[in-house]
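Worksheet: the structure to be examined is printed underneath.
Protein chains: 2
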Amino acid sequence: MPVPASLQFRDGRLPVTAAFSIHVQGSTDRRLEEALRRMLRRLEGRTSLTLSREPAEPQKATLVLEVKGPGNALPTLGDDESYSLEVDGSRATLRATQTVGALRGIETMLQLLQGDRDGWYLPAVTISDRPRFPWRGLLIDVSRHWMPMDVLKRNLDGMAAVKLNVLHLHLTDDQGFRVESRRFPELHEQGSDGLYFTQEQVRELIAYAADRGIRVVPEFDMPGHVTSWLVSHPELASVMGPYSIQRKWGIFDPTLDPTRDQVYAFLDAFLGEMAQLFPDPWMHIGGDENTGNHWRLNPAIQSFMAQHRLADAHALQAYFDDRVAQLLQKHGKRMMGWDEILHPTLPRDAVVQTWRGPKALAESARQGYSGILSWGYYLDHMLPAGLHYTVDPLPADGKRMSEEANRWIPVSWYHRFQFKPPEVAIPEKNAVHVLGGEACMWSEFVDAETIDSRLWPRLTAVAERLWSPRNVTDVKDMYRRMARISVQLEEHGLMHERIGEVLLRRLAGSNEIGPLRALANLVEPVKFYDRPVQFQEATQGMPLTRLVDAARPESLEARALWSSVDDLLSDAPRFDRGAERLTRTFHQWREFHPELRQLLDNSPALHEARPLADALLLMAQTGLEALASLESGTTPRPGWREEALQRLNEAARPHGQVELATLQPLRELVLAAALQPEASALPAAAWQARVKAEALAAIPKPPEKKK
Amino acid sequence: MPVPASLQFRDGRLPVTAAFSIHVQGSTDRRLEEALRRMLRRLEGRTSLTLSREPAEPQKATLVLEVKGPGNALPTLGDDESYSLEVDGSRATLRATQTVGALRGIETMLQLLQGDRDGWYLPAVTISDRPRFPWRGLLIDVSRHWMPMDVLKRNLDGMAAVKLNVLHLHLTDDQGFRVESRRFPELHEQGSDGLYFTQEQVRELIAYAADRGIRVVPEFDMPGHVTSWLVSHPELASVMGPYSIQRKWGIFDPTLDPTRDQVYAFLDAFLGEMAQLFPDPWMHIGGDENTGNHWRLNPAIQSFMAQHRLADAHALQAYFDDRVAQLLQKHGKRMMGWDEILHPTLPRDAVVQTWRGPKALAESARQGYSGILSWGYYLDHMLPAGLHYTVDPLPADGKRMSEEANRWIPVSWYHRFQFKPPEVAIPEKNAVHVLGGEACMWSEFVDAETIDSRLWPRLTAVAERLWSPRNVTDVKDMYRRMARISVQLEEHGLMHERIGEVLLRRLAGSNEIGPLRALANLVEPVKFYDRPVQFQEATQGMPLTRLVDAARPESLEARALWSSVDDLLSDAPRFDRGAERLTRTFHQWREFHPELRQLLDNSPALHEARPLADALLLMAQTGLEALASLESGTTPRPGWREEALQRLNEAARPHGQVELATLQPLRELVLAAALQPEASALPAAAWQARVKAEALAAIPKPPEKKK
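Put into structure tokens, the structure is as follows:
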């Protein structure tokens with residue numbers, strides 16, 4: 281994962297034993313040698329074998345590397361990442377044009393390692409691989425919550441394992457200024473609570489990333505999102521200060537004053553310093569979500585706008601962007617920014633990052649600008665991997681993609697959000713402008729302890745979408761492979777698999793958390809922006825140690841339950857397949873309830889989850905009633921359907937920003953019981969489709985918003 | 281934990297809510313303020329409450345601190361660590377003479393936090409506390425396996441949580457030279473594979489420890505254990521080089537040449553540099569396990585000995601120690617070393633660290649030397665917490681202590697090691713020379729990933745032994761509290777609770793590890809030095825990712841099983857109590873066996889555990905037979921007892937340096953079935969004692985060693 285561009289399994293296998301050895305022919309460099317050292321250590325960790333570090337003769341080596349040249353020591357957009365891997369019974373041969381291709385091939389080889397009764401081996405295979413898109417990134421917001429070096433390093437390892445190649449660091453925002461400036465030390469001193477990367481650390485991080493074939497693109501968000509800058513530099517603001525670091529979440533008014541030369545002189549010096557520090561040709565200047573409110577409040581800015589015939593805030597921002605673009609050009613950098621920077625005078629070599637959606641991507645491509653897609657890849661929205669996987673920067677068929685994607689909209693958002701087919705398709709001639717995409721991890725509700733579990737394993741789905749051919753779209757197979765890779769990713773110290781239990785033990789104050797783990801495995805954090813909406817008192821200092829933080833973004837147990845219901849319904853009208861599993865599950869929910877309630881009672885931090893435990897009990901009861909009806913072939917009594925659905929609607933309510941992920945399979949069970957009389961009249965598939973459709977129709981509409 | 285010197289619970293409770301606030305009166309310093317910040321963050325993490333950082337008025341504060349003075353900024357032997365803590369319905373009052381006492385009291389308060397249906401609270405309590413011993417340490421060997429900064433930092437946090445106050449860093453040994461020397465950079469450059477602490481890191485670590493009231497004592501082991509020094513300085517050796525870093529485990533011959541002035545000139549410069557770097561008054565020079573072989577090989581050394589009338593290697597080492605002691609004195613340091621340094625000319629202010637046992641401790645105390653006990657506290661021996669807990673540096677009754685301690689000797693060592701009552705008791709007048717003790721973590725078989733799980737939670741038992749009054753000896757209660765504290769310790773990032781599952785997932789290559797986890801929970805690594813003896817090919821590069829590394833040093837599940845057997849036997853001749861639990865357990869072992877075998881087959885790294893899985897199945901069968909006999913009141917057929925015990929003896933064999941921890945309760949079950957006819961004739965307790973005695977007698981003797 282990601283699936284290679286071309287792959288054929290063959291008969292045979294290459295045993296991996298303690299005699300595993302490597303021969304490098306052609307070019308080698310320090311990066312390649314260190315990558316091989318890391319590879320050996322990972323092989324050792326998985327196999328428990330002690331492997332030799334001595335280079336082998338070419339004819340005796342288990343792995344032969346043929347690399348033509350080192351390529352750019354610093355990863356660069358458009359590097360040749362292709363490689364081929366040939367495994368037969370006697371050796372594995374990895375060929376690449378450049379070191380970076382060899383790095384990609386090494387990860388593929390590590391994923392191929394398997395074991396059975398006869399020992400470890402690589403299956404015989406012929407792989408020829410290259411990425412679909414050259415820009416495959418991850419944005420980490422280190423401003424809203426601070427992420428120290430080790431968090432970034434282990435995530436760089438994870439990124440390399442799934443062939444991502446850009447780490448986009450969102451370094452500054454209202455809530456924190458996270459990089460040392462030697463030119464203006466007051467920026468990080470007063471804007472960061474002491475939590476920032478020193479320049480030495482930045483260099484260390486860039487080198488660490490480069491060793492793994494990953495670029496580091498810094499973002500300095502402006503002219504909005506700058507409160508943390510204004511703490512020490514209120515003179516740059518549009519409205520008189522003083523300012524202090526913003527502790528809340530949202531979109532705020534503080535903005536640089538784009539009308540004063542002093543601001544550009546400051547930016548010239550600051551961006552000049554950062555241009556030296558960050559070697560990548562692109563520099564991201566944000567440019568998003570400027571409210572314009574502070575510009576309206578300042579008469580001097582208003583008169584400047586009148587004088588320069590700038591009709592509105594958008595025009596003034598365009599003016600600002602143009603001047604910043606000139607500064608970047610002066611310092612040898614190309615501009616990158618969010619959708620909002622797109623306007624007629626934007627330099628041709630700028631890259632537009634799209635948070636608004638396919639339409640914006642198409643528009644920038646139409647205007648000839650390179651663009652990358654981030655809309656649809658917001659991992660902080662707590663959506664299923666299947667949804668992200670279904671979003672394609674260049675879909676073959678926008679309509680079909682939208683239908684597929686809509687299957688993955690969480691139930692609680694069924695009436696609130698649906699994908700629509702893109703209005704503007706991207707014509708083939710513009711496709712070259714779509715460079716790829718970036719998953720985003722905004723950090724309002726993640727910290728150094730929980731970020732891994734919000735990134736992984738779902739990020740692997742985005743990585744595959746951006747690397748593998750367009751026609752690799754089997755979601756079920758993706759989930760199967762994702763589970764396997766997720767465990768492999770732990771070897772980098774990533775905490776996604778383990779942190780949930782750590783938090784549950786902390787919440788329970790005990791090691792005995794069986795029923796609590798069962799509950800946590802069936803719930804999910806609320807989706808999109810529901811967490812701040814439901815919990816408006818959230819601040820930067822709030823501990824992220826609640827059930828919502830322990831719950832995985834996507835409940836695989838709920839998916840398994842749903843799949844059992846599918847089995848049952850597809851077995852109409854016998855209703856045998858899956859029935860035992862479902863009965864056992866519902867019995868378990870009922871049986872652990874008293875112990876669970878006691879656990880929740882004993883920990884005040886878990887009190888908020890008590891209604892969820894009770895809701896689960898109700899679900900168990902409802903499920904068992906439906907199963908009884910289906911198994912006995914008895915139609916439920918009149919009114920039962922409405923009562924049962926009502927019960928489920930009660931159970932659907934979020935508590936503590938957590939919702940049960942088991943709603944829809946339960947609704948389907950209820951409707952299956954209710955629609956049972958028709959099951960013998962219709963073909964199973966048609967009847968099942970009817971049940972599913974009615975179950976969707978049974979999702980209650982959210983109340984109208986008050987105006 | 282550790283239990284305070286004096287503690288009375290009272291009626292009432294102090295609610296801990298989001299309004300929790302602090303008032304500090306009297307002295308404060310940066311250390312105290314940072315400790316309070318850390319305390320608030322931990323409170324927040326556990327309670328999920330967001331707490332204020334604003335100081336409160338004294339009458340409104342939830343916690344009032346009264347500290348008389350800051351005390352030594354750098355922790356010093358003999359610091360006043362006492363404190364008192366008074367909690368009533370309106371506030372908690374923590375009083376201490378010095379900041380370091382306040383640090384100890386804060387940990388006690390954090391341990392008191394509880395929750396129930398009504399919320400979080402501190403129980404009303406009156407505590408007056410002070411340590412029993414002033415030297416309560418942990419030795420970490422960073423030489424044999426490298427332990428980076430974050431490992432040491434999180435373990436310093438853990439040490440502070442249980443009131444330990446000395447981190448003893450074993451910095452150099454045959455396998456690695458782990459500290460930067462600016463005077464002789466070739467030492468760390470050639471002796472460490474690049475894995476060493478820079479001087480900046482050392483200072484950072486010392487400051488981190490000092491903030492937590494913990495001293496850092498460095499050890500530079502000499503004249504033996506110096507292979508890593510000799511890589512770059514073969515001219516200091518007793519036998520001509522060249523030398524390379526030792527990769528194996530054991531006791532090796534390379535030794536400094538004590539007869540040449542050049543060696544002392546070098547040590548003068550090197551120790552002088554280290555004396556500047558490490559501020560603690562003591563410097564540990566090891567002095568242990570010098571084979572003397574290389575001294576015998578060198579004629580020049582032999583003639584030096586003749587000339588100076590040094591009768592043997594011990595005498596020559598005494599000469600060496602004396603000269604090193606003079607160097608230490610010159611650099612303002614006191615000497616510390618292992619037992620072997622004890623000889624008549626040892627400076628009076630030296631501290632002797634005992635690895636040989638109570639007799640050696642008594643001897644150094646008799647000679648008026650201060651000593652600390654490490655024998656009995658070797659956590660790398662994989663012994664039960666109960667054993668370490670039972671070892672007391674100053675036992676009230678040596679005989680009774682030995683009996684208690686022998687209950688904790690693992691079955692596999694029953695015939696190989698038993699505690700004997702000390703031959704020499706330490707008279708009261710010498711007791712003052714016993715400063716305390718140090719747990720030891722030698723790192724042949726632990727690395728940065730596994731060390732936490734080999735230290736914790738067992739280290740808490742040693743910490744309590746060294747802090748709490750001598751009469752705190754309830755082992756069962758210690759285990760109860762240890763389980764609770766173990767979970768709290770996770771908040772420092774300690775990995776002891778989570779790493780086992782991480783390794784099992786890696787071994788299985790999957791998230792579905794149910795039966796593997798069940799097996800891992802019933803086994804233990806082999807004890808004392810059995811791991812290297814059974815696995816002689818072990819080297820420094822060997823991956824520590826096998827079942828033996830995932831298994832906890834002490835199986836709590838096996839203890840629980842034993843306790844169920846105790847319940848059953850004490851219920852003779854009804855045999856009802858505990859029977860259902862035991863039956864369920866044995867059925868489980870039988871049921872998961874096929875799935876477990878498949879898991880083990882599929883991962884070659886787990887092949888070595890297949891005999892253990894089969895042994896567990898045999899145990900289940902044996903246990904069920906015994907239960908059937910006891911429940912039906914039927915005496916087993918003739919020969920069954922012998923057959924069953926033989927089966928268990930087969931099951932007792934270690935595989936992959938792992939042994940099943942369930943042997944003895946199973947033997948007891950077998951003997952209970954066999955001795956059933958006598959159960960109605962004897963009082964239950966007497967019959968049970970008989971069963972236990974025969975079960976011990978049934979442990980087979982190990983074969984005689986070949987000569």
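These protein sequence lines are chains A and B, in that order.
Residues 281 to 987 in the working numbering are what the first sequence spells out, letter by letter.
Residues 281 to 987 in the working numbering are what the second sequence spells out, letter by letter.
C-beta atoms are modelled at their ideal positions from N, C-alpha and C, and glycine is treated no differently.
No experiment lies behind these values; they were computed from the predicted model shown.
Check, Outcome
"To which residues does DSSP link M616(B) through a beta bridge?", "H564(B), V631(B)"
"List in chain order: all unbroken alpha helix (DSSP H) runs of 4+ residues lying wholly within the stretch 912-964 of chain A.", "920-931, 943-954, 956-959"
"Can you tell me whether DSSP reads L663(B) as helix, strand or coil?", "coil"
"Pick out whichever of Q814(B), A961(B), R750(B), S844(B) has its Cα sitting closest to the Cα of Q937(B).", "Q814(B)"
"Restricting to Cα atoms, I'd like to know which of P534(A), W529(A), A859(A) is closest to V511(A).", "P534(A)"
"Locate the beta strand (DSSP E) running through S650(A), then write down its first and last residues.", "650-653"
"Using a Cβ-Cβ cutoff of 7 Å, what residues of the stretch 883-900 of chain B are near chain A? List them in chain order.", "S883, P884, A885"
"Are the beta-carbon atoms belonging to V714(B) and P673(B) less than 7 Å from one another?", "yes"
"Alpha carbon to alpha carbon, how far is L862(B) from R870(B)?", "12 Å"
"H448(A) bridges to which residues according to DSSP?", "L419(A), V497(A)"
"So, with DSSP's three-state summary, where would you put V828(B)?", "helix"
"Determine whether the Cβ of G325(B) lies closer than 7 Å to any Cβ atom of chain A.", "yes"
"Going by DSSP, what residue range makes up the alpha helix (DSSP H) through Y759(A)?", "755-769"
"Measuring alpha carbon to alpha carbon, tell me which of L354(A), L316(A), P559(A), L329(A) ends up nearest L345(A).", "L316(A)"
"To which residues of the same chain is L590(A) closer than 7 Å at the C-beta, ignoring the five residues directly before and after it?", "L596, Y599"
"Please compile the residues from chain E whose C-beta is within a distance smaller than 8 Å of the C-beta of V782(B).", "Reference to chain E is not applicable here, since the protein chains of this structure are A and B."
"What residue range is occupied by the uninterrupted beta strand (DSSP E) comprising P805(B)?", "803-805"
"Using a C-beta to C-beta distance shorter than 7 Å, which residues of chain B count as neighbours of M822(A)?", "T330"
"Quick one: which residues of the stretch 393-410 of chain A get their C-beta closer than 7 Å to a C-beta of chain B? List them in chain order.", "G395, D396, R397, G399, W400"
"Assess contact between the stretch 451-466 of chain B and the stretch 744-760 of chain B, defined as three or more Cβ pairs (one per stretch) separated by less than 8 Å. Is contact present?", "no"
"Per DSSP, which residues does I302(A) bridge with? Please list them.", "L343(A)"
"Tell me which residues of the stretch 477-488 of chain A have at least one Cβ-Cβ distance to chain B shorter than 9 Å, keeping chain order.", "none"
"What's the C-alpha gap between M675(A) and N435(A)?", "Reading off the sequence, residue 675(A) comes out as Pro, not Met. Their Cα atoms are separated by approximately 28 Å."
"Please report the distance separating the alpha-carbon of A831(A) from that of I420(A).", "21 Å"
"Indicate the three-state DSSP secondary structure (helix, strand or coil) for R412(A) in the structure shown.", "coil"
"Counting only C-beta atoms, is V767(B) closer than 7 Å to chain A at any point?", "yes"
"Could you name the residues that DSSP lists as bridge partners for I407(A)?", "L287(A), L365(A)"
"So, under 8 Å CB-CB, W426(B) and L475(B) are touching, yes? Tell me the CB distance rounded to an integer number of Å.", "4 Å"
"Could you give the uninterrupted runs of the beta strand (DSSP E) lying entirely in the stretch 691-766 of chain B, keeping only those of 3 residues or more?", "714-721"
"Applying the 10 Å Cβ sphere with the 16-neighbour rule, what's the burial state of H867(B)?", "exposed"
"Spell out the partners DSSP gives A372(B) in its beta bridges.", "L343(B), V367(B)"
"Short check: CB of H661(B) to CB of P982(B), under 7 Å?", "no"
"Ends of the alpha helix (DSSP H) at Q816(B)?", "First-last for Q816(B): undefined, no H or E at that position."
"Can you look up L879(A) in the DSSP assignment and give me helix, strand or coil?", "helix"
"What residues in its chain sit with their C-beta under 8 Å from that of A382(B), if we drop five residues either side in the sequence?", "L312, A315, L345, V347, Y363, L374, A376"
"Taking the alpha carbon of H873(B) as the point to measure from, which residue in G794(B), P853(B), E905(B) has its own alpha carbon closest?", "G794(B)"
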